[in-house]
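Going by numbering that gives the first Met the number 0, the first residue of the sequence shown is number 0, and it counts up by one from there.
C-beta: ideal position from N, C-alpha, C; glycine also.
Bear in mind the structure is a predicted one, so any value in this text is a computation, not a measurement.
As structure tokens, the structure follows; a few thoughts come after it.
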Amino acid sequence: MSTYHEPLALVIISSISLGFAAIVALWIAGDIVLRRGWRSMMAVMIPVYIINALYLWPITLWTYLKYGRPAAPEGQSTAKATAAGEAEEGSADSPDDSHSHLRTENGMTQHQHDHHRHHHHHDAHAAQRPMFASATIAVCHCGAGCVLGDIVGEWLVWGTGATLGLPPRALWAEFLVDFGFAFAFGIVFQYFSIAPMEGKYGPQIIYRALKADALSLLFFEIGLFGWMAIFQVAIFNWNLPMNTVTYWWMMQIGMFLGHWTGVPINWWLIKTGVKVPCA
């Protein structure tokens with residue numbers, strides 16, 4: 000067991016960095032709830048924005064505010080009140096008119112029509128974004144999976160005392176376990192990004208999720224794992240325990256670096272059509 004104790008300065012800096020990121024993540028979550036974001040946002044983007052704020056809060060907050068933030072509910076309430084007033088006037092003239100307006104001209108129900116319009120809104124919104132924003136959001140999908148995978152993997156390795164190599168080191172076991180969980184979570188996030196846009200679910204979409212996110216996940220973890228090796232071997236000489244605040248600050252930095260090693264490959268995946276920009 001390591002007897003290393005972090006300097007107080009490192010504990011303070013680590014706590015501030017992690018704490019501020021947690022505050023931003025909570026603010027985004029609260030903002031989505033207040034704005035009833037589940038009504039207009041792609042569902043998978045709700046956890047994606049919240050999770051990515053934990054390590055990439057400046058860029059995540061900018062991306063959310065500029066491209067992902069749902070409309071204020073006041074506007075929706077005004078629109079509903081106006082629509083209700085018009086419906087009331089129409090029903091006074093003809094009792095059956097309200098039923099006739101439940102379907103659009105092409106035979107779709109109003110709910111289907113709204114879903115159809117919402118789908119095209121996401122397509123148009125993605126097309127209007129600069130490529131940097133599209134690539135950033137694309138990385139955030141695998142980033143969310145990597146964060147969850149690394150959290151699960153790190154605690155699993157620490158809890159079981161797993162090691163690999165000669166001499167045995169937990170770091171090599173962490174690489175293997177973290178990547179496995181990150182890959183699984185990342186594919187889930189990508190699947191639920193593609194499936195709603197395509198309106199299809201099943202093995203074909205799983206294959207597309209694998210094709211779209213495998214390289215993205217790999218390049219993200221290259222940045223993260225590279226930094227993990229640097230701080231464990233070169234900076235802390237294998238002495239920094241996983242269950243410390245400084246360790247998770249180091250992981251936060253590694254995930255930040257992983258985002259940037261993932262941007263170029265996501266740029267290429269989008270440019271070549273392998274990956275479709277999403278909301």
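Distance, residue j Cα to residue i Cα
i	j	result
S14	T243	10 Å
F219	P263	10 Å
L209	A70	32 Å
N51	V146	8 Å
A8	W247	15 Å
P6	F178	30 Å
A213	W267	13 Å
P72	S16	32 Å
M130	N265	10 Å
L175	S192	26 Å
G142	A211	14 Å
A83	G29	Here the model assigns A83 a pLDDT of 49, short of 50, so the residue's position is not dependable and the matter cannot be decided.
P202	T271	22 Å
G198	R128	23 Å
T245	V232	15 Å
Pair within 9 Å by beta-carbon distance, residue i and residue j
i	j	result
G144	L216	yes
V273	H140	no
V275	M196	yes
Y66	I11	no
P57	F188	no
A172	G148	no
W237	L170	yes
I234	G257	no
I269	A134	yes
Close-in-space but distant-in-sequence residues of the same chain around residue i (CB under 7 Å, 5 per side omitted)
i	result
Y190	I204, I205, A208
Y63	I27, Y48
A194	Y200, I204
E153	E173, D177, M241
F255	Y54, L55
G36	I45, P69
Whole-Å CB distance - residue i paired with residue j, under 8 Å assumed
i	j	result
T159	R168	Going by Cβ atoms, the distance from T159 to R168 rounds to 14 Å, so no, they are not a contact pair.
W157	M250	Between M250 and W157 the Cβ distance is about 12 Å, and since that is not below 8 Å, they are no contact.
A21	L53	7 Å
Y3	L239	6 Å
Same chain, Cβ closer than 6 Å to residue i, neighbours up to 5 away in sequence not counted
i	result
G253	L223, W226, M227
H117	Residue confidence is low: H117 scores 44 on pLDDT, short of 50, so the model does not pin down where it sits. No coordinate-derived value is stated.
V151	F180
G261	V138, S215, F218, F219
R38	none
G185	C141, G144, D212, L216
Own chain residues within Cβ distance below 8 Å of residue i, not counting five before or after
i	result
M40	I31, G67, P69, A278
A132	T62, K65, Y66
W259	G222
F19	W56
R34	R68, P69, A70, A71, P72
D92	Annotation note: pLDDT 47 at D92 (below 50); position unreliable, coordinate value reported separately. Answer for D92: no residue qualifies.
Cβ-heavy atom distance, residue i to the ligand ZN, below 8 Å
i	result
A8	In the structure shown, the ligand ZN is absent, as is every other ligand, since no ligand is present at all.
9 Å Cβ cutoff, residue i in contact with chain C
i	result
T243	Going by chain labels, chain C is absent from the structure shown, which holds only one protein chain.
ask   = At a cut of 8 Å, does the stretch 224-234 reach the stretch 19-34 through at least three beta carbon pairs?
value = no
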